[in-house]
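> Residues in the sequence shown are numbered consecutively from 1142, following the numbering used here.
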Amino acid sequence: MSASPVATPPAHDVANADGPIVIVGSGLAGYTLLKEIRKRDAAVPVTLVTADDGSFYSKPNLSNALAAGKAPAALVGAAMEKMATEQRATILPHTRVTAIDTARRQLVTERGELAYGRLILALGADPFSHGLDGDAAEAVLTVNDLADYAVFRDAIAGKRSVVVLGGGLIGCEFANDLAQAGYRVDVVHLGDWPLERLLPAEAGQRLADGLATLGVRWHFGRSGRSVTRHASGFTVTLDNGGTLATDVVLSAIGLRPRTALAAAAGIATGRGIQVDSLLQTSAPQVYALGDCAEVDGVNLPYVQPLMVQARALAATLTGTPTPVVYPAMPVMVKTPVHPVAVLPPKPGSTGGWQVACGEQGVCALHVDAGGRLQGFALTGAETAQRTRLVAELAT
Ligand SMILES: Cc1cc2nc3c(=O)[nH]c(=O)nc-3n(C[C@H](O)[C@H](O)[C@H](O)COP(=O)(O)OP(=O)(O)OC[C@H]3O[C@@H](n4cnc5c(N)ncnc54)[C@H](O)[C@@H]3O)c2cc1C
């Protein structure tokens, strides 16, 4: 079906008093949910509405595609039309939802209204605004979807240097990828070591050292103040007055769950769209999952949690109410020069890090007063211990 105005509910609504399941978002959360629904129910009408072109792709590939020489098109797993056919769904691409009327169970989109029986918000997250001054502030790039990646690829073509703002997971992955692909990379990071909220200092430092072997230059304890244009590129001025000349500036300072649409509809939001363990929002028949969701107070913007959420929600939507129960889910940082596997302790955990530094990497275990493992951070060759430690956490 094309993205034509959808003012009249589709015919199947007549037979289906509940109306269709409508998913908003074609990221991994939206599409994984659609696939999980289809595994359980071949017939239930599903419409997926998305602001982008509806291509199915794996977002984590965006930060390790350069060194692999992958153009944006090579990252597309399936075009929208193929997804619609394979998953027997109506997909409306380039259709931004602008409002939700929870009383009438209607979505307002840029192309008309759309009725829903059950609505699932899989809206993702927006990059934080970098807040930099200067005449080139609007030229600072972010890479949060495939279209951004295409713009970024064009921007760095034929160029030599990139300043990356932010040394978190995404900043480190881009630093590795860019340096591996031959770019000169400076990373400006407010913390004293990369991923300081996830890793103890020794593990973070080892990651920084690994990236430095590729030529990455670190600027710890610093933030960007302004970006100005010069003859052949940009000058980034730091908060201490230092300057970095560069061809391209990439901001990777974090993401904020997209909550505005839900909040405007009176749906409870906090850090994310607030849902219970059944992924139900405060509005009847409205659910949320993925990066936009705060599940029982916790927002986990990673792939594995959204897969668990999608499986549980598909069961719930097809008649078997199923709460989300997470297994131990380590996050893998894709920095091949010195990989990292981290499973942070649960919020509020007591105890502390026990850190062992070897030649090939760091093994940091977070243990409580009783010596029980609560989490871990592994770097380099020590990441091989991940499976054993996950099993230990599960017992
Ligand atoms: C560069 C990068 C690397 C990453 N690497 C890893 C990794 O290695 N491992 C890991 O676990 N996680 C990683 N992540 C995080 C992971 O990719 C995300 O958790 C996941 O992709 C989020 O999927 P999502 O579907 O929730 O959101 P998104 O993929 O952002 O999808 C949101 C969708 O909602 C649509 N949308 C938003 N608002 C509207 C609207 N108003 N109307 C209509 N449509 C709308 C968008 O168009 C989009 O289709 C990475 C993230 C990035 C950016």
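Even for Gly, the Cβ is constructed at its ideal location relative to N, Cα and C.
1) Answer yes or no: do Val1328 and His1360 have a C-beta to C-beta separation smaller than 8 Å?
2) Taking C-beta to C-beta, are Glu1523 and Gln1501 nearer than 8 Å?
3) Taking just the CA atoms, how far does Phe1375 sit from Gly1383?
4) Going by the beta-carbon positions, is the gap between Thr1459 and Val1185 smaller than 8 Å?
5) If you draw a straight line from the C-alpha of Val1249 to the C-alpha of Thr1191, how long is it?
6) Give every residue of the same chain whose Cβ lies closer than 6 Å to the Cβ of Ala1243, excluding the five residues on either side of it in the sequence, and list them in chain order.
7) According to the neighbour-count rule (16 or more other Cβ atoms, all chains shown, within 10 Å of its Cβ), is Tyr1198 buried or exposed?
8) Rounded to whole angstroms, what's the CA-CA distance from Met1473 to Ala1298? Just pull it up for me.
9) With three or more C-beta pairs closer than 8 Å as the rule, is the segment 1434-1445 touching the segment 1408-1424?
10) With a 10 Å radius around its C-beta and 16 neighbouring C-beta atoms as the bar for buried, classify Glu1222 as buried or exposed.
11) Assign Ala1244 to one of three DSSP states: helix, strand, or coil.
12) Using only CA atoms, which one of Val1508, Gly1512, Ala1212, Leu1519 lies nearest to Gly1499?
13) On the DSSP bridge list, what partners appear for Ser1302?
14) Are the CB atoms of Ala1453 and Val1465 within a distance shorter than 8 Å?
15) On a Cα-Cα basis, can you pick out the residue from Ser1418, Gly1307, Leu1430, Ala1208 that is closest to Val1478?
16) Express the C-alpha separation of Ala1291 and Asp1417 in angstroms, rounding to a whole number.
17) What number of angstroms, rounded off, separates the C-alpha of Val1281 from the C-alpha of Phe1293?
18) DSSP on Glu1279, reduced to helix/strand/coil?
19) Measure the beta-carbon distance from Pro1201 to Val1444 and round it to whole angstroms, keeping in mind my assumption that it falls under 8 Å.
20) Beta-carbon separation of Gly1492 and Gln1526 under 8 Å?
21) If you measure between the beta carbons of Arg1325 and Gly1351, is that distance less than 8 Å?
22) Let me know the secondary structure DSSP gives Glu1435 once reduced to three states.
23) Could you check the C-alpha separation between Met1142 and Arg1229 for me, to the nearest Å?
24) For Ala1393, does the count of other Cβ atoms within 10 angstroms reach 16, so buried, or fall short, so exposed?
25) Who pairs with Ser1367 in a beta bridge, going by DSSP?
26) For Gly1171, collect the residues of the same chain with a Cβ closer than 8 Å to its Cβ; drop the 5 residues on either side in sequence, then sort them by chain order.
27) Can you name the start and end residues of the beta strand (DSSP E) that Arg1259 belongs to?
28) Here's a check: name, in chain order, each residue in its chain whose Cβ is nearer than 6 Å to the Cβ of Ser1270, leaving out the five neighbours to either side.
29) With a floor of 3 residues, list each beta strand (DSSP E) that falls wholly inside the segment 1169-1230, ordered by position along the chain.
30) Taking 8 Å as the threshold (C-beta atoms), are Ala1505 and Phe1517 in contact?
31) Counting C-beta neighbours from all protein chains within 10 Å, is the total for Pro1468 16 or more, i.e. buried, or is it exposed?
Looking at the atomic coordinates:
1) Yes, the pair counts as a contact, with Cβ atoms nearer than the cut-off.
2) In this structure, Glu1523 lies near Gln1501, with their beta-carbon atoms less than 8 Å apart.
3) Between Gly1383 and Phe1375, the C-alpha separation is close to 14 Å.
4) A contact, by the Cβ cut-off of 8 Å.
5) Taking the CA atoms as reference points, Val1249 sits about 13 Å from Thr1191.
6) Checking the sequence, you will find Thr at residue 1243 rather than Ala. Closer than 6 Å at Cβ, skipping near neighbours: Ala1406, Ala1424.
7) Taking every protein chain shown into account, the CB of Tyr1198 has 16 or more other CB atoms within 10 angstroms, so this residue is buried.
8) Their Cα atoms are separated by approximately 28 Å.
9) Enough Cβ pairs lie closer than 8 Å, so yes.
10) Of the residues assessed, Glu1222 falls on the exposed side of the cut-off, its CB having fewer than 16 other CB atoms within 10 angstroms.
11) Coil.
12) Selected option, being the one with the closest Cα: Leu1519.
13) As a beta-bridge residue in DSSP terms, Ser1302 pairs with Arg1325.
14) Taking the C-beta atoms as reference points, Ala1453 is found nearer than 8 Å to Val1465.
15) Looking at Ser1418, Gly1307, Leu1430, Ala1208, the one whose alpha-carbon comes closest to that of Val1478 is Ala1208.
16) So the two alpha carbons sit approximately 36 Å from each other.
17) Each residue's Cα considered, the two are about 10 Å apart.
18) Of the three classes helix, strand and coil, the one that applies to Glu1279 here is helix, per DSSP.
19) Rounded, the Cβ-Cβ distance is 6 Å, consistent with contact.
20) Cβ distance not < 8 Å, so Gly1492 and Gln1526 don't count as in contact.
21) Contact: no.
22) DSSP, reduced to helix, strand and coil, places Glu1435 within a strand of the structure shown.
23) The predicted model places Met1142 with a pLDDT of 34, which falls under 50 and marks its position as unreliable; any figure quoted below should be read in that light. Near 11 Å, if we compare the C-alpha coordinates of Arg1229 and Met1142.
24) Buried.
25) Per DSSP, Asp1274, Thr1378.
26) Sequence-distant partners of Gly1171 (beyond 5 residues in either direction) whose C-beta falls short of 8 Å from its own C-beta, in its chain, are Ile1164, Val1165, Leu1189, Thr1191, Ile1261, Ala1263, Gly1431.
27) Per DSSP, Arg1259 is one residue of the beta strand (DSSP E) stretching across 1259-1262.
28) Excluding sequence neighbours, Ser1270 sits near nothing in its chain.
29) The segment 1169-1230 contains these whole beta strand (DSSP E) runs: 1187-1190, 1217-1219.
30) Yes.
31) Per the 10 Å Cβ criterion, exposed.
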